[in-house]
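> FYI, in mature numbering (1 follows the signal peptide of the UniProt record, and there is no 0) the residues of the sequence shown are -23 to -1, 1 to 96.
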Amino acid sequence: MKKFSFIAIIMIMLFTFASAASASTSVPLYLSGKVSYEATYYNQNFNSWGSVTLTLLKVTPTGDVSVGTAYVSVRPGETKTEKVLLASNLPADYYKLQITYGSYGSGNVAVYADRIISE
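(1) If you follow the beta strand (DSSP E) that PRO53 is part of, which residue opens it and which one closes it?
(2) Roughly how many whole angstroms lie between the Cα atoms of SER(-5) and GLN75?
(3) Measuring CB to CB, does LEU34 end up less than 8 Å from VAL44?
(4) Within 10 Å of its beta-carbon, does SER65 have 16 or more other beta-carbons around it, so buried, or fewer, so exposed?
(5) Quick check on ASN24: buried or exposed, where buried means 16 or more other Cβ atoms within 10 Å of its Cβ?
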């Protein structure tokens, strides 16, 4: 019985880490008004374009709801810093930012030095 419990815990941990690798989501943030995201993007692939999809999600009791989406594409081998508008006229509430990698192309884009701006 102890061996089964240990294996079950290991399997749960593996599934948790595997599901977190496909997209990254921020902790809930209290935001309002015009919300933008600024970050530096680096395409580690020198042969093809890469991209990331940025989705702003409103936190609700029944689940997260998308309120804005933006796409950032990065040329092969390029590093760029870009600020994108995710949504405007948002009521004050809790929101999360979800970053999904590779909406088109096969580039491997890294996102760093980022910040969410609420104006």
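Using N, Cα and C, we set each Cβ at its ideal position, and we do this for glycine too. None of these values were measured; they are calculated from a predicted model.
So, to answer that:
(1) The count along the sequence shown starts at 1 and reaches residue 53 at position 76. Taken as a continuous stretch (DSSP letters only), PRO53 belongs to no beta strand (DSSP E), as it is neither H nor E.
(2) The sequence position of residue -5 within the sequence shown is 19, counting from 1. The sequence position of residue 75 within the sequence shown is 98, counting from 1. Reliability of the predicted coordinates at SER(-5) is poor, the pLDDT of 33 falling under 50, and no value is obtained from them.
(3) Working through the sequence shown from its first residue, we reach residue 34 at position 57. Working through the sequence shown from its first residue, we reach residue 44 at position 67. Yes, these two residues count as a Cβ contact at 8 Å.
(4) Translated into positions along the sequence shown, residue 65 becomes position 88. With fewer than 16 Cβ atoms within 10 Å of its Cβ, SER65 is classed as exposed.
(5) Residue mapping note: residue 24 aligns to position 47 of the sequence shown, counting from 1. When all chains shown are included, ASN24 counts as exposed.
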